[in-house]
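J.:
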Amino acid sequence: MMAPGLLRLRALATAPRQLRRHVRKDSALACHHLALSASASAEFDETCEESFEEEKESSCSSADSHYMALALEQARLGMERGEVPIGAVLVDDATGEVLASAHNETETASDPTAHAEMLCLRRAAAAAGRSGAWRAVGTASLFVTAEPCPMCAGAIMQSRIPRVVYGCRNDRLGADGSYVSLFPPWRGGDGGVDESRAPPHPFHPNVDIERGVSHDECQELLKLFFRRRRVENARAKEQQRQEEDDV
3 MMAPGLLRLR ALATAPRQLR RHVRKDSALA CHHLALSASA SAEFDETCEE
53 SFEEEKESSC SSADSHYMAL ALEQARLGME RGEVPIGAVL VDDATGEVLA
103 SAHNETETAS DPTAHAEMLC LRRAAAAAGR SGAWRAVGTA SLFVTAEPCP
153 MCAGAIMQSR IPRVVYGCRN DRLGADGSYV SLFPPWRGGD GGVDESRAPP
203 HPFHPNVDIE RGVSHDECQE LLKLFFRRRR VENARAKEQQ RQEEDDV
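Numbers 3 to 249, taken from the working numbering, label the letters of the sequence shown in order.
#1: Relative to the C-alpha of V100, which candidate in E85, G80, L123 and A111 has its C-alpha closest?
#2: Rounded to a whole number of angstroms, what is the C-alpha to C-alpha distance between P87 and R232?
#3: Say the cut is 6 Å; is the CB of L144 nearer than that to a heavy atom of the ligand ADP?
#4: Which residues mark the beginning and the end of the alpha helix (DSSP H) in which L223 is found?
#5: Under 7 Å between the Cβ atoms of A142 and W136?
#6: Determine whether the Cβ of Y69 lies closer than 7 Å to any Cβ atom of chain B.
#7: Thinking just about the alpha-carbon of each residue, which of H105, Q241, R162 and R83 is nearest to the one in P204?
#8: In whole angstroms, what is the alpha-carbon distance linking E245 and E234?
#9: Between the segment 150 to 170 and the segment 208 to 218, are three or more C-beta pairs nearer than 8 Å?
#10: To the nearest angstrom, how far is the alpha carbon of A148 from that of Q221?
#11: For V93, which of helix, strand or coil comes out of DSSP?
#12: With a threshold of 8 Å on Cβ separation, who are the neighbours of P114 within its own chain once the five nearest residues in sequence on each side are excluded?
#13: In angstroms, rounded to a whole number, what distance separates the CA positions of D94 and E75?
#14: Would the beta-carbon of P150 fall within 7 Å of that of E119?
#15: How many whole angstroms separate the CB atoms of E105 and E85, which I take to be in contact at a CB cut-off of 8 Å?
#16: Name the one or two DSSP bridge partners that H105 has.
#17: In chain order, what residues of the same chain lie with their CB nearer than 6 Å to the CB of Y181, ignoring the 5 residues before and after it?
#18: Which residue marks the beginning of the beta strand (DSSP E) containing L144, and which one marks its end?
Written as structure tokens, this is what we have:
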């Protein structure tokens, strides 16, 4: 049996000249659009990688490092499945028990809200198992490998999470001052409030934010993901060029 590609070429060769011209034109146009798409995607990936490049490593406790390592494990699992590698774990402050863990699943679930933080909060609340028990997550700390976005910050505030620990900054979408400031204002060592930050939340005026825990590992994982994706996009673009030449 003749391969589909050869059948297509034979059909093209025997088609009327005008039809062949239209087929070539349409194929070239399609390849052009795909090349533009790959180029735009590569540019976007490069910008995304740059958005995680700043912020210094912070001093942190061994417990914080341990739970951030668990969040990084989740992020790596997500990357294996083609997700942007951001992971999160929710930890009971009293017992140290991990209540929920998650990585991004926006691609897997075709759900733009399926961020690691959102999934952690949903799973912990669902596991509570009774009406109103979701408030129990308000006694837990959330560890996440990158600065939460505005959507996740809003969910954190609604959940009354008392403490958020994250790894690296996210200049494009971070809600802790990198893009917008949605968390309550910073308090200095003297207890003074930095009024340049967001005003206190009406339901949850106090939340402790710990920044830069395991920063280098969190940042490098994200940069590695976007570097790999740029290579994949470049390969796809080269393949489209070859198909265009074949036509």
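Quick reminder that beta carbons are idealized off the backbone N, C-alpha and C, glycines included.
T.: A quick look at the data gives this:
#1: L123
#2: 15 Å
#3: As for the ligand ADP, it is missing from this structure, which has no ligand bound.
#4: H217 to D248
#5: The Cβ-Cβ distance between A142 and W136 does not fall below 7 Å.
#6: Absent from the structure: chain B. Only one protein chain is present.
#7: R162
#8: 17 Å
#9: yes
#10: 8 Å
#11: strand
#12: Answer for P114: T108, listed in chain order.
#13: Looking at the two C-alpha atoms, the distance is approximately 19 Å.
#14: Here P150 is near E119, since their CB atoms are less than 7 Å apart.
#15: The sequence given here has His at residue 105, not Glu. Right, their Cβ atoms sit about 6 Å apart.
#16: When beta bridges are read from the DSSP output, H105 appears opposite G89.
#17: L175
#18: A142 to A148
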